[in-house]
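With the working numbering applied, the sequence shown has no gaps in its numbers, which climb one by one up to 161 at the end. Just so it is clear, CB atoms sit at the ideal spot from N, CA and C, and this is done for glycine as well. This structure is a prediction, so every number in the text was calculated from the model and none was measured. Accompanying notes for the structure given below.
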Amino acid sequence: MARIWLLVAMVGALSLGGVGTSVSRTTSVSLSIPALSVLALPGRNLVGQELLLVFSPEDLGAEALLVPLEVKSNVPWAVTARVLDEDRAELRVAVAGGPEVAVTTEEVPLLAGRAGKHEVLLRIKFGNPSARGFRLVLRIGGLGPKSP
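Dropping the structure here:
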């Protein structure tokens, strides 16, 4: 009987030792949010990373056009502009209140900013309007880190 009692005591002691122990491990979780930059022209219902603005000869009657532009980005960004038609080399674009930039068929930087939502007003001036109108391309690019 003493042997049975000793065996029960040893089993009980071994099982009580495992009740209070726990195993913990450290882990790290990585979350990657892709860069996203978008342009929008609210008055024209255009949204995208590249927008094509087509101006008809009727639009060219004024000295300049004011075009609202909305920029949304989760990284620093830059907007570039270029004219698709080669005979429109005298187009000038400015952010309202800022300096004018001559826009040609070569892509030129127009404005840049930090992450967030920004609303700007572009002032587009025509130096040599033609009877056909013109096509202006606005493109946004994120300046954040590149994804692998």
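Residue burial classification, residue i (beta-carbon count within 10 angstroms, cutoff 16)
i, result
"I153", "buried"
"P122", "exposed"
"V106", "buried"
"L135", "buried"
"T93", "buried"
"S43", "exposed"
For residue i, the nearest candidate out of the options (CA to CA)
i, options, result
"S45", "N87, L104, L82", "N87"
"A109", "R148, L97, L79", "L79"
"D98", "A107, S69, V114", "S69"
"V84", "I137, L59, E120, E76", "L59"
"I137", "S37, R145, L66, P55", "L66"
"L49", "G56, E63, S37, T40", "E63"
"V133", "L73, L156, G111, P81", "P81"
"G126", "G61, T40, V36, G155", "G155"
Endpoints, the beta strand (DSSP E) within which residue i is located
i, result
"R136", "129 to 139"
"A53", "50 to 54"
"E63", "63 to 68"
"L124", "121 to 126"
Sequence-distant residues of its chain with Cβ nearer than 8 Å to residue i (five each side left out)
i, result
"V96", "A102, L104, V116, T117, T118, F147, R148, L149, V150"
"V114", "A94, R105, V106, A107, V121, P122, L123"
Close beta carbons around residue i, own chain, < 7 Å, minus the five adjacent residues each side
i, result
"A128", "S86, N87, V88, P89"
Residues bridged to residue i (per DSSP)
i, result
"V88", "V88 is not bridged to any residue."
"A107", "E113, R136"
Closer than 7 Å: residue i CB and nearest the ligand SAM heavy atom
i, result
"G111", "In the structure shown, the ligand SAM is absent, as is every other ligand, since no ligand is present at all."
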